[in-house]
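Inspection log for the structure reproduced underneath, given as structure tokens.
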Ligand SMILES: Nc1nc2c([nH]c(=O)n2[C@H]2C[C@H](O)[C@@H](COP(=O)(O)OP(=O)(O)OP(=O)(O)O)O2)c(=O)[nH]1
Ligand SMILES: [Mg+2]
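In structure tokens form, the structure reads like this:
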């Protein structure tokens with residue numbers, strides 16, 4: 001049977017800009033831009049996983065998050081449940097701890113990027129943000 005993974009990912013939206021990172025080439029859906037985050041571990045809440053992943057990947061401390069949207073997607077290799085949290089504040093200076101590119105984008109530039117195949121609905125919801 002295919003693996004199912006549960007993922008917490010952050011739509012980081014501060015001062016009218018979105019912070020994204022680029023998946024490394026060797027990763028699943030590699031080379032595409034992503035909402036930073038990763039797998040929710042056993043016993044963790046979505047919020048806890050998000051705080052841990054953003055510390056590990058970007059070296060930032062999330063101080064404000066709320067639910068944005070959840071979706072499920074069937075990749076050929078695995079089934080993913082993605083839980084997107086809207087992050088509106090954090091402390092620390094973002095860096096690509098794992099060697100990944102990290103960049104701020106306006107909404108108009110974000111919508112031109114290539115995201116993992118599962119991300120169509122979340123990008124559509126971002127398009128509608130004023
Ligand atoms: N972080 C993130 N993952 C996404 C997005 N869209 C999407 O399909 N995914 C998929 C790709 C991966 O299969 C999975 C996330 O896993 P990950 O590789 O980030 O996991 P992780 O950070 O825990 O890292 P690792 O266990 O692989 O070291 O979710 C997205 O916008 N952000
Ligand atoms: Mg990750």
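In full-length UniProt numbering, the protein residues as written are 1 to 130.
Note that CB positions come from ideal geometry on N, CA and C, so glycine has one too.
Asked	Found
Can you tell which of 13, 11, 119 has its C-alpha closest to the C-alpha of residue 74?	119
In the UniProt domain "Nudix hydrolase" (3-129), which residue ranges form an unbroken alpha helix (DSSP H) of at least 4 residues, counting only runs that do not cross its ends?	46-58, 107-110, 120-127
Whole angstroms is fine: what's the gap from residue 3's alpha carbon to residue 89's?	33 Å
Say yes only if the C-beta of residue 96 is nearer than 7 Å to one or more non-hydrogen atoms of ligand 1, and no if none qualify.	no
Cβ of residue 99 versus every heavy atom of ligand 2: is any distance shorter than 7 Å?	no
CB-CB under 7 Å to residue 114, same chain, minus the five flanking residues each way: which ones, in chain order?	32, 33
Measure the alpha-carbon distance for residue 91 versus residue 23 and round it to whole angstroms.	23 Å
From 35, 81, 57, pick the residue whose C-alpha is nearest to that of residue 6; which is it?	81
Judging by CA-CA distance, which residue of 38, 123, 107 is the nearest neighbour of residue 15?	107
Is any heavy atom in ligand 2 found nearer than 7 Å to the beta carbon of residue 92?	no
Cutting at 8 Å between CB atoms, please list the residues of its own chain near residue 94, excluding the five before and the five after it.	19, 58, 59, 60, 102
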